[in-house]
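Below: the structure, in structure tokens.
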Amino acid sequence: MYRQIVVLTGAGISAESGIKTFRDEDGLWEQHHIEDVATPEGYARDINLVERFYNSRWENLHSGEVHPNAAHAALAKLEAEFSGKLLVITQNVDDLHERAGSKRLLHMHGELSKGRCPQSLQTFVLREPFGEDNCCTCCIPAKRLRPHIVWFGEMPFGMDRIHDALDNCDLFIAIGTSGTVYPAAGFVDSANHHGAQTVEVNLLAADRHSQFQYHFTGKAGDVVPALVESILAGKTLGSEAATKEMSA
Ligand code: BV8
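So in the numbering used here, the last one in the sequence shown is 447, and the numbering has no gaps at all.
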């Protein structure tokens, strides 16, 4: 029986909910250059382009068409029923984990549903799209809110808490992430170094594939619920039984 689990999720866990991933063939980055829409320099260069990029993703998230899927629900069930400690770290900026019931959750790359005052760094729940009239209420004169998103070259949130969890976990599971963006892509190395079992759930072999001890290939919505049932039944994921169930 595991006593401390860390889960890292990426865009792949939200794919079955209808949210585009970044690097799959029809991904988000296909229509935009990363340096234009997800860097401070890109924001300074063309604030309207970046606001349009985030406003369109925010509208999609709140369109009523996008809902948590079975993988999000399974992680919320794991949090509710697992007797040990669990931390879900997500690279995703959507709120599907929260909507599925997860509470012990860390958005290391920020949140689509929040804006941030560039001066005070105070965050605000987004009530309207980003634009010149969407300003903070903490400064005089009021400042234009920026997306509460970690862009390339900016420090991700919660790194101390993340490293503490990785140093003490006995199971690390990465779900739906290509393993191309650091520091998240390096978490598996830290988990391996501290003796944890490391498990990857993905449609295919991602960039850090070889660093994981166990692989469960398939859609997150199919694999994660079975993985959670095995963990809650006290099985270790290396055991033949757990693996056989998963590949069934
Ligand atoms: C920092 C916000 C330092 C934007 C994002 C070391 C080496 C090289 C470069 C670097 C390095 N260290 C740092 C860097 C630079 C950079 C970086 O890593 N660059 C990469 C491109 C090489 N990193 C940074 O800049 C980071 N900051 O290091 O700061 C610092 C130090 C001191 C002081 C200040 C700063 C910040 C990185 C954060 C960037 N922001 N997001 C936004 O969301 O709009 S990153 C972006 O990529 C998203 O957050 C996304 O989550 C993340 C990772 O992508 P994935 O989630 O993995 O998604 P992807 O599409 O790639 O893959 C989807 C996967 O799912 C695939 O594998 C697919 O097979 C699978 N899948 C699909 N469907 C399913 C599925 N799996 C299961 N089921 C399915 N149904």
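Ideal placement from N, C-alpha and C gives every residue a C-beta, glycine not left out.
As the structure is a prediction and not an experimental result, all values here were calculated from the model.
Practice task
Would you check whether ligand 1 has a heavy atom nearer than 7 Å to the C-beta of H306?
Solution key: In the sequence shown, counting from the first residue as 1, residue 306 sits at position 107. Residue side-chain check: H306 keeps its Cβ at 7 Å or more from all non-hydrogen atoms of ligand 1.
Practice task
Confirm, please, whether the CB-CB distance from Q396 to L436 is below 8 Å.
Solution key: Walking along the sequence shown from the start, residue 436 turns up at place 237. Walking along the sequence shown from the start, residue 396 turns up at place 197. Between L436 and Q396, the C-beta gap is smaller than 8 Å, which places the two residues in contact.
Handout entry: the stretch 342–354 contacting the stretch 235–244, beta-carbon criterion three pairs below 8 Å
Key = Proximity of the stretch 342–354 to the stretch 235–244 meets the contact definition, three or more beta-carbon pairs being nearer than 8 Å.
Practice task
Specify, as a first and last residue, the run of the alpha helix (DSSP H) that N401 falls within.
Solution key: What you label residue 401 is simply residue 202 of the sequence shown in a count that begins at 1. That residue, N401, is in no alpha helix (DSSP H); its beta strand (DSSP E) goes 396–401.
Exercise for the section: Give the single residue among A405, F252, H414 whose Cα lies nearest to the Cα of T379. Expected result: What you label residue 379 is simply residue 180 of the sequence shown in a count that begins at 1. Nearest to T379 by C-alpha distance, out of A405, F252, H414, is A405.
Practice task
Consult DSSP for F323 and reduce its assignment to one of helix, strand or coil.
Solution key: In the sequence shown, residue 323 corresponds to position 124, counting from 1. DSSP places F323 in strand when its eight states are reduced to three.
Practice task
For T376, verify whether its CB is less than 7 Å away from any heavy atom of ligand 1.
Solution key: Reading the sequence shown from its first residue, position 177 is the one you call residue 376. Flag set: Cβ of T376 near ligand 1.
Problem - Buried or exposed (CB count within 10 angstroms, at least 16 for buried), L320 - result: In the sequence shown, residue 320 corresponds to position 121, counting from 1. By the neighbour-count rule (16 or more Cβ atoms within 10 Å), L320 is not buried but exposed.
Exercise for the section: Helix, strand or coil for R244, going by three-state DSSP, please let me know. Expected result: As a first step, residue 244 must be located in the sequence shown, where it is residue number 45. Three-state result, R244: helix.
Practice task
Using beta-carbon positions only, say whether S377 and R222 come within less than 8 Å of one another.
Solution key: Numbered from 1 along the sequence shown, position 178 holds the residue referred to as residue 377. Numbered from 1 along the sequence shown, position 23 holds the residue referred to as residue 222. Contact: yes.
Problem - Minimum length 4: unbroken alpha helix (DSSP H) runs contained in the stretch 234–306 - result: Taking only runs of at least 4 residues, the alpha helix (DSSP H) segments lying wholly in the stretch 234–306 are 239–244, 246–260, 269–280, 295–299.
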